Every structure is written in C-alpha cells, then in structure tokens.
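Engineer: Please see the structure below; I have some questions.
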Amino acid sequence: IPAKGWYPTMGGLPVLWADYNPMDANGNPVDLSQREDTYYYTKDDGSKVYGKAKNYLTAEEAAQYTVKNVLSGSDNWQPALMTESCANPEVRINAGHLEWEAVPYAICYLVSRNGEVLGFTTDCSYPYEDGYQYKVQAVNEYGSLSGAGKQSQPDALPQVQETQSAQVLAIYTLGGVEVKELQEGLNIVKMMDADNKIVYRKIMK
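Per the numbering used here, the sequence shown starts with residue -13, numbered consecutively.
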C-alpha cells in the first residue's frame, strides 16, 4: 500500500477519507503521516476541481463506527444477526455413528474428517469410522458456521471395565507415549480381560 494510502481522484470530493490504527502483516502500526488529504475531479471541460478531506480519526471518532451506528438506519436493520454463529455441537460416538443434540437455529450440519469436508446433513447423526478425527459444525440460515464440535467418548474406559470386566493397565498415544488419561484423538489402551489375557483397544476421545 502506498504511503499516501489511496489515489487523489475518485470522481468526487470526499469530506472524510481515513483509516484508523491499521497494522502490517507483522502486527506493527502503519505510519499514517503521509495519508492523502487533497482530492480532485475533472469537469467536462477538462478543468480540475480540488478539495480537502480529513485523513485521520481519533480513537473516540473511530469508536462511533459500529455496525449498529453505520448500518441500522431508520429501519433498525441488524446485519450482525446474520453472521452470529450457532452454538458448537456436542458430539459423541455411539454404535458406529457420531451423534449430537439439535443445535438451536441450525438448519444443517457440516461434517469433516481429518480436515476434509465429507458433506452436509440435516440429521443429528453421521456414520463414523474408527481411526479418523471428525468435526461437526452447525450452519445457520445465512450460512455462518459454528465452531467445531469434536467427537468424544469420555465414558469409554468405565464402559470397557464394566461390560468386559477388564482392568486398564496403561494408556498410550498413537505415537506410543504412555499417558495417565485419555488424550484428545485416538488412544491405545492396554487392558487385562476377565481371562487374564492382555488385550489392546483403540479408544477415540
């Protein structure tokens, strides 16, 4: 962006043409001392008409440029409601499916696996395959996405112990690192079953 910020002609003479507190790609404040403040337009006879425009804003002035103040107008239009995200789905794994409760104001759900979009669904369940990381996002009527609800299985270890009389001996990450509790994603659980045999189970949290 040129130090002057913009071009001196735009078909008219603005009263205010300014930016406030811009940053560069590294988060450093941009020098605004050379911003353009003189403009012109060309008349039909080829002559130019010049004028001055304010090229800066104070913090108090910038604070007045809110969505409500700028866009609401006389009809009290609230465009921010169109971009307001739904709540994140709370996703669980059950019988080979991802499941979640219906999210208020959601018209459908976007399901992705390992970062790739699988598709959309209006149901509150989706087929699940072991070994992948799934995310579910709620979509509102304007297409805005919620944050991602990841699949979870917080009661997995108690269920294994209760239904199979298994004793948990150790928990490992997929990379083989022993941990004290289930980690986010896929876990390898070493157990002793009712017949005193060592077995390993993959459990997704």
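Every residue gets a Cβ at the ideal spot worked out from N, C-alpha and C, and that includes glycine.
Because the structure is a prediction, the values reported are computed rather than measured.
(1) Can you give the beta carbon distance from P(-6) to T24, rounded, assuming they're within the 8 angstroms contact cut?
(2) Taking the alpha carbon of A73 as the point to measure from, which residue in V122, D31, I79 and W63 has its own alpha carbon closest?
(3) How close, in whole Å, do the beta carbons of Y51 and G82 come, if the pair is a contact with beta carbons under 8 angstroms?
(4) Taking just the CA atoms, how far does R99 sit from T197?
(5) Pull up the CB-CB distance for L160 and G171, whole angstroms please, since I reckon it's below 8 angstroms.
(6) Could you check where the alpha helix (DSSP H) with M68 kicks off and where it finishes?
(7) Using three-state DSSP, classify A142 as helix, strand or coil.
(8) What does R99 pair with, by DSSP beta-bridge criteria?
(9) Start and end of the alpha helix (DSSP H) containing V53?
(10) Can you list, in chain order, the residues of its chain whose CB lies under 7 angstroms from that of Y91, leaving out five sequence neighbours each side?
(11) Rounded to whole angstroms, what is the Cα-Cα separation between E164 and N173?
(12) Does DSSP put A(-11) in a helix, a strand or coil?
(13) For V89, does the count of other Cβ atoms within 10 angstroms reach 16, so buried, or fall short, so exposed?
(14) Using only the alpha-carbon positions, how far apart do G32 and K(-10) sit?
(15) Taking just the CA atoms, how far does Y120 sit from M190?
(16) According to the neighbour-count rule (16 or more other Cβ atoms, all chains shown, within 10 Å of its Cβ), is P75 buried or exposed?
(17) Have a look at P8 and V56 and give me their C-alpha separation to the nearest angstrom.
(18) Which runs of the alpha helix (DSSP H) fall wholly inside the region -6 to 81 and span at least 4 residues, in chain order?
(19) With C-beta atoms as the reference, is W86 less than 8 angstroms away from G133?
(20) Name the DSSP bridge partner or partners of E164?
Structural biologist: This is what the structure holds:
(1) 6 angstroms
(2) V122
(3) Actually they are not in contact, since the Cβ atoms of Y51 and G82 sit about 51 angstroms apart, beyond 8 angstroms.
(4) Because the chain spans -13 through 191 in this model, residue 197 falls outside it and cannot be assessed.
(5) 7 angstroms
(6) A66 to T69
(7) With a pLDDT of only 49 at A142, under the threshold of 50, the placement of this residue in the model should not be trusted, and no figure is reported.
(8) Bridge partners of R99: E102 and Y120.
(9) V53 to L57
(10) C72 and N126
(11) 10 angstroms
(12) coil
(13) buried
(14) Those two C-alpha atoms are separated by around 25 angstroms.
(15) 10 angstroms
(16) buried
(17) Across the structure, P8 and V56 are spaced so that their CA atoms are roughly 20 angstroms apart.
(18) 45 to 49, 53 to 57 and 66 to 69
(19) no
(20) E164 is bridged to Y158.
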